[in-house]
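Numbering (the UniProt record's numbering), first residue to last: 1 to 102.
Heads up, the beta-carbon is just placed ideally off N, CA and C, and yes, glycines get one too.
Note that the structure is predicted; figures quoted are calculated from it, not measured.
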Amino acid sequence: MRKVWVVLVATLTGLLLGVAGAVGASVTDPDTIVRVEGDAANGFGIHRHDGSALFPPTGSEARAECSEYDRLGQRVRCRTATRVWYRELAEIQRSLEWALAQ
Numbered sequence: 001m002r003k004v005w006v007v008l009v010a011t012l013t014g015l016l017l018g019v020a021g022a023v024g025a026s027v028t029d030p031d032t033i034v035r036v037e038g039d040a041a042n043g044f045g046i047h048r049h050d051g052s053a054l055f056p057p058t059g060s061e062a063r064a065e066c067s068e069y070d071r072l073g074q075r076v077r078c079r080t081a082t083r084v085w086y087r088e089l090a091e092i093q094r095s096l097e098w099a100l101a102q
């Protein structure tokens, strides 16, 4: 269970840093996120310029894994991280749609 938490936090951090770095990155940078599809209920797909893709667990799967923690504080932290994760993915998706429309 702790492994899932670490993976979620590491992936979210990587996404946030990737988006922040994309401002100064060239379009051909392999780590550039080029498409985000889906939603929290059905799952997201994150596609990068180099062809790699990441498919994080759906919101319900992530919440179920959070409920496996024994301590209330751990469950709250995990659920908060999950909400932030999906909120940020939705924001990246909107940002990409806006950028492609320009």
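Within the same chain, ARG79 and THR82 come within 8 angstroms of ARG63 by CB-CB distance, once the 5 residues on both sides are set aside. Rounded to the nearest angstrom, the Cβ distance from TYR86 to ALA40 is 4 angstroms, consistent with a contact under 8 angstroms. In this structure, VAL36 is the residue among VAL36, PRO30, PRO56 and ASP50 with its C-alpha nearest to the C-alpha of GLU97. Per DSSP, the unbroken alpha helix (DSSP H) holding ARG77 starts and ends at 72 to 101.
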